[in-house]
Each structure stands twice: as structure tokens, then as C-alpha cells.
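Protein chains in written order, with the numbering used here: chain A, 123 to 622; chain B, 3 to 97.
All C-beta atoms in this analysis are idealised placements derived from N, C-alpha and C, irrespective of residue type, glycine included.
Note that the coordinates shown come from a computational prediction; the quantities given were computed from them, not determined experimentally.
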Amino acid sequence: MTTAAPAKTQPAKTQYEAIIGLETHCQLCTETKIFSPASTAFGADPNTYIDPIVVGMPGVLPVLNQRVLEYAVKAGLALNCQIAPYSKFDRKQYFYPDLPKNYQISQYDLPIAEHGWLEIELIDKKTKEVTRKRIGITRLHMEEDAGKLVHAGSDRLAGSTYSLVDYNRAGVPLIEIVSEPDIRTGQEAAEYAQELRRIVRYLGISDGNMQEGSLRCDVNISVRPVGQEEFGTKVEIKNMNSFSAIQKAIEYEIDRQIKANQTGEKIIQETRLWDESSQRTQSMRSKEGSSDYRYFPEPDLPPIVVSAEQKESWLAELPELPAQKRTRYEDEFGLSPYDARVLSDERTITEYFEAAMAAGADPKLTANWITQDIAAYLNTERVSIDALPLTPVALAELVQLIAAGTISNKIGKDLLPELLTQGGSPKAMVEARGLSQISDPAQIEAMIDEVLAAHPEELEAYRGGKKKLQGFFVGQLMKQSGGRVDPKLSNQLLSQKLNQ
Amino acid sequence: MIDLEQVRKVALLARLELTAEEEDQFTGQLSGILDYVEQLKELNTDDVEPTTRAIELSNITRTDSLQTFAERDAILDCAPDCEDGFFKVPKILSE
Chain A
123 MTTAAPAKTQ PAKTQYEAII GLETHCQLCT ETKIFSPAST AFGADPNTYI
173 DPIVVGMPGV LPVLNQRVLE YAVKAGLALN CQIAPYSKFD RKQYFYPDLP
223 KNYQISQYDL PIAEHGWLEI ELIDKKTKEV TRKRIGITRL HMEEDAGKLV
273 HAGSDRLAGS TYSLVDYNRA GVPLIEIVSE PDIRTGQEAA EYAQELRRIV
323 RYLGISDGNM QEGSLRCDVN ISVRPVGQEE FGTKVEIKNM NSFSAIQKAI
373 EYEIDRQIKA NQTGEKIIQE TRLWDESSQR TQSMRSKEGS SDYRYFPEPD
423 LPPIVVSAEQ KESWLAELPE LPAQKRTRYE DEFGLSPYDA RVLSDERTIT
473 EYFEAAMAAG ADPKLTANWI TQDIAAYLNT ERVSIDALPL TPVALAELVQ
523 LIAAGTISNK IGKDLLPELL TQGGSPKAMV EARGLSQISD PAQIEAMIDE
573 VLAAHPEELE AYRGGKKKLQ GFFVGQLMKQ SGGRVDPKLS NQLLSQKLNQ
Chain B
3 MIDLEQVRKV ALLARLELTA EEEDQFTGQL SGILDYVEQL KELNTDDVEP
53 TTRAIELSNI TRTDSLQTFA ERDAILDCAP DCEDGFFKVP KILSE
């Protein structure tokens, strides 16, 4: 992107830094809502999952879902937070038709978890250099989701004549995770959001699906000249439904705010929406001050006291987390940061990889198969690795056959499609089909002699100086042997014969 | 003490339309309530932990088990207007 030439007295673009914080709402995958026994299922007909508590009928009594508390505490622990010994719910008051009670039950001054951090890993695409950075977590709290609005008469709010409201989502449990303003670039923000997603998926507390809205990130961003202590005016950006949209929206906004600074234009404290089609942020509305929400303690819900024993038992249930796995895969298996990252991205993949390791396969070779051929297959066929007919034990067997020189890598690749679709034992297939690698020099030499005898013209051309024809003979030899000859050895023997 | 401006602001936030007489009336009444509560300040609370509740009660939770409400239509019927299973609301004005 191009920037207008900076005025003489103004700092250049590179002399600005962005101060970014993220507010992430994450839907918890409980069966029922946070304060009522109604279903949280996605995609039903409008207002299928409502009840008197969800819509806030007079006289109803909300009761906290035990699993919501468990999931929120586990998320807090996984994010290295301090769990509040005493926590409570509050009412946040505002009027909008997606909010049936005209207040949202949330947590204000005593959230369930505070003062944590998570570590992000940034890989430079060119140099492959890895840097790690800790992003502070200010707080994590529990709250209920709002309903959904459909604006009739127009696809936009502005032109609609009335709106339709669906409260299926109202009361679905959320955790809101607020980061410290430690983020400086769009890439760091996208990486932070991805790491959060990995963590909640590892914990099994959310599906983290951004398209369906189970993970929603709002960004707070301001810029200031490097060295200036005072923050610039903060702008909020919403409506990004992918990690790349988070990154692009931030990059756009940093650019916009720097330009405004350089030209002396005033930055307004406001909410802006990311517009995916035009790839820019657009002003939405001026932000209300938080005091206007008139928070007060929710009288219907008693406070929460998490005992030390309860906290310890939930802590003991935490799985090994993505950052720990990445480090272990590098240290224990000698994998590159890139491989460690790909393999630890999803819990199902780590389980698969670790099962193959338990079966004694070579880590690097196994990593290659999973991150390349198998990943490509999973991608095109849209299947999950845990549904693959090729079991991790069978993959370990395949890797071992290649490592031991029993079959060539090429035969391994030839067997893969059948293994991926039908499963089975690679060892049994190799034995039944006589696919084992031919490493006996005498046997290979005999085949080379046959190939040379069958192509006298090419042989003459080669010996006359067309050295490029070696590739042709390699191809013929592979064809002749069904790909079974040891590639290194046969190349060596072929060179000798050709140059005799 | 609460003044007329504060009453107007609170009324606006609560989406209440008040007449001039009501504004005066509520300014006086709300001030009276606040003055009354103000008397609590006479107590020495140096050794009292802050609380948001008068009853000692905590950790009331329920298990995550589904109970579908059978009379969903009855809830929709309470609304002034519905359309195809949605609640129908007037045009939302942008602020």
C-alpha cells in the first residue's frame, strides 16, 4: 500500500507503532444455555430453543450451568490466569431487540479469571525464523449471548422497514477474553486469535468456528509515534470472520490512522466494521461510554466461590496444551518449528501423530507423511484424520518399511491411495504383491542390461554425448522393475554401464 | 442529592418519557431516597468486608441437562407481533 509523503514535521510511517488489544467472545459447547435448561443447538427454526428464562419473563429464576463454570475456569487456567476466589454476575443494561431482557447478564468488576497470558509463535515466511511473544490476558469472564436479528425489507439495517428476532442464540454461554494491549501487528493479532482457538479446542470447551460465530474477535486499535507515552484515540473494529480478515482489517486500520495522523485529521473514538468485499473498515456508530451500561450486581444469581480443591481438580484435567506440545515435539522428536506447529494445530492430528510415535516410527519421516501427502488428502476429501482408514499404526509400519529399505519411497507413495481409502497393513500388501525393494546389485545389473539391449539407438546417442538421456534410462529401469529397484544403487550401476 | 439533569439522563437511558411535572416529582423523590440511604454512612464499617448481597449463599448451579420448554408458541403469543416464528419488532433506528 502506498502512503502519502509525510509532511516535514510529521513522523514517517515507520516511526509509528500500533497498540492493539483483542476482545474475543467464545461460545462454550454445552448442551444447555448458561442460565436455563434450553438447548444451545445451532441452525434450528427461529425461536425453537426459548423458554421463560431466556426471554426474561417476570418471576423466573436463572441458575448457572455447572459446566459453564467448569469450562470458564479451565480456560482461565489454560491461559495462566488467577482464578477469582470470589466472583459474581452483573447486569449490563442496554436496549436492543436482540436482547430480550434489556440487560445482559455478564460479569463486571469481579470476573472469574484475571492476569494471565498466552504465548504466540511467529514464523517468518522467508527466513523460517521463529520468534515467541507473550500476550497478556487482562481478564476472562462468563456471560450470555444475545439473539439474532434479520432486517426485513432490505439486506441492511438502514433500509429495513422492520426487523425479525430469533432468540435461539440468546442465553448461549460465552466466555469473553480480553487481552492486554500487547499486540503490535495484524500478524500478531491473527496468531493470538489462532492460538486461543487451538486452546479452546484442545480443552474441548468450544468448537472455535469463526464462520458460525462461535469465535468472534473485536479489535481495539490506536497508533502513536514511537517513543510517545500517551496513547492515540482508540478505535474498535468488528465483523471479521476469519483469521486473515483480522490481520487485513488491522493492517488497513493502522494505515488509515497513520495517514490521519500525518495529515492532521482527527481520529474519532468509534466502532468500525470490516467490509470483506471492499477490504476496508467503515464507520458504524460512536461508542457509548461504559458508564452508560449502568452495571449492577445481578440479584438473582448468588456469587461463585471456587475452592482450592475444585480448582486443583480442574487443573489436573487439563490436557497438554498446544504451546507445550510444540516445544516437546521440537525437543523430544527433533522436529522443525514448522512441523511441530502443523502437527499440534488440531488435537486429532496430535493424537494421530503420537499414536504413530508410540508404534515406533521415525518422527521426521512420519511428520513428512502427515504434513504433506496425508494433509493434502484430508484437505481435498474434507475428511478428519480420526476418520481415516489408514491407522497411525499402519502409517508407522509404512514408514518403518521405507526406513529399513524394504520398499522404496516411491512404492510407499504408490501404496498410499489404497491405504488412505481402504486401510490395511502395508507390510502384508508388500509381501502379497512382491513389492519389496530390489537391492541386489546382480539382479539390478541384469535389468539394466535388458533395458540397454532394448534401446540401442538411445544408448548410441548417449554415448555420442547426449548425456541428458540418463533420465530416460532411469525411467525405463523403473518401469521394468515396477519401481522396486533401490534408486540410489541403480543410478550408480546405470552410470557405470552407460559409461563403459 | 440528585438534580434535574441526572433525572433526565437516567430517564433517557431507561427509555422513559417523563413530563415536566414528573421530572420535578422524581427529582424530589429520588433525592429523598438517596438522603435516606445516606444515613448508613453514619455507621462505622471499617471492619466490615464489602459485599453485594445480604444473604450468605454461593455456588448455586445446575447440571447441564436439557429440558425443552413445551409451550414455545405461548411465549411467541405474548409478543405484540410475530412473523414465521420470529418476533417482529419495529424498524430499528440507527443512533
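query: Can you tell me whether DSSP reads residue 617 of chain A as helix, strand or coil?
result: helix
query: How would you call residue 226 of chain A, buried or exposed, if buried means at least 16 neighbouring beta carbons within 10 angstroms?
result: buried
field: Nonlocal neighbours in the same chain, by C-beta distance under 7 Å from residue 7 of chain B, ignoring five residues either side
entry: none
message: Cutting at 6 Å between CB atoms, please list the residues of its own chain near residue 148 of chain A, excluding the five before and the five after it.
response: 297, 322, 328, 337
task: Verify the CB distance criterion: does residue 173 of chain A have a CB-CB separation below 7 Å to chain B?
output: yes
- request: Sort A/542, A/292, A/444, A/185 by Cα distance to residue 201 of chain A and report the nearest one.
  value: A/444
field: Selection of the stretch 278 to 311 of chain A by Cβ proximity to chain B, strictly under 9 Å
entry: 279, 280, 282, 283, 284, 285, 286, 287, 288, 289
field: the stretch 146 to 168 of chain A: positions lying closer than 8 Å to chain B by Cβ
entry: 152, 153, 154, 159, 160, 161, 167, 168
message: Less than 7 Å between CB atoms is the rule here; does residue 494 of chain A satisfy it with respect to chain B?
response: no
query: Could you give the uninterrupted runs of the alpha helix (DSSP H) lying entirely in the stretch 152 to 220 of chain A, keeping only those of 4 residues or more?
result: 174 to 177, 188 to 200
query: Which residue's Cα is closest to the Cα of residue 265 of chain A: A/210, A/304, A/317, A/315?
result: A/210
Alpha carbon of residue 128 of chain A to alpha carbon of residue 342 of chain A, nearest angstrom: The pLDDT assigned to residue 128 of chain A is 46, lower than 50, so where the model puts this residue is not dependable, and the model offers no usable value.
- request: Would you tell me roughly how many angstroms separate the C-alpha atoms of residue 270 of chain A and residue 367 of chain A, rounded to the nearest one?
  value: 22 Å
- prompt: Touching or not, the stretch 356 to 370 of chain A and the stretch 467 to 478 of chain A, by the rule of three or more beta carbon pairs under 8 Å?
  reply: no
message: With three or more beta-carbon pairs closer than 8 Å as the criterion, would you say the stretch 345 to 359 of chain A touches the stretch 162 to 176 of chain A?
response: no
message: Does chain A have any CB closer than 7 Å to the CB of residue 74 of chain B?
response: yes
task: With DSSP collapsed to three states, give me the class of residue 226 of chain A.
output: strand
Minimum Cβ-Cβ distance from residue 91 of chain B to chain A less than 7 Å: yes
query: Assuming residue 190 of chain A contacts residue 295 of chain A under a Cβ cut-off of 8 Å, what Cβ separation, rounded to an integer in Å, is found between them?
result: 4 Å
query: With C-beta atoms as the reference, is residue 313 of chain A less than 7 Å away from residue 240 of chain A?
result: no
- request: Starting from residue 505 of chain A, follow the alpha helix (DSSP H) in both directions and report where the run begins and ends.
  value: Careful: residue 505 of chain A lies outside any alpha helix (DSSP H) and carries neither H nor E.
task: Examine chain B for any beta-carbon lying closer than 7 Å to the beta-carbon of residue 185 of chain A, and answer yes or no.
output: yes
query: Are the C-beta atoms of residue 227 of chain A and some chain B residue less than 7 Å apart?
result: no
field: Given 8 Å, three or more beta-carbon pairs between the stretch 9 to 25 of chain B and the stretch 615 to 622 of chain A
entry: no
Extent of the continuous alpha helix (DSSP H) run through residue 2 of chain B: Shown here, chain B extends from 3 to 97; a query on residue 2 of chain B therefore has no answer.
field: Distance between residue 216 of chain A and residue 145 of chain A (C-alpha atoms, nearest Å)
entry: 19 Å
Beta-carbon gap between residue 517 of chain A and residue 507 of chain A smaller than 7 Å: no
- prompt: If you run the structure through DSSP and keep just helix, strand and coil, what is residue 428 of chain A?
  reply: coil
field: Within chain A, partners of residue 79 of chain B - CB distance below 7 Å
entry: Near residue 79 of chain B there are no residues of chain A at all, since even the closest Cβ is about 12 Å away, more than 7 Å.
query: Who are the neighbours of residue 30 of chain B on chain A, taking C-beta pairs under 8 Å?
result: None at all; the shortest Cβ gap to chain A is about 22 Å.
- prompt: From residue 324 of chain A to residue 466 of chain A, what does the alpha carbon distance come to, in whole angstroms?
  reply: 10 Å
- request: Determine, using beta carbons only, whether residue 64 of chain B comes closer than 7 Å to chain A.
  value: yes
Closer than 7 Å to chain A by CB, residue 54 of chain B: yes
query: Out of curiosity, what's the CA-to-CA distance linking residue 162 of chain A and residue 208 of chain A?
result: 28 Å
Residue from A/289, A/282, A/309 whose Cα sits closest to the Cα of residue 84 of chain A: Because chain A is modelled from 123 through 622, residue 84 of chain A falls outside the range shown and cannot be assessed.
- request: Report the residue from A/512, A/558, A/137, A/554 whose alpha carbon sits nearest the alpha carbon of residue 530 of chain A.
  value: A/558
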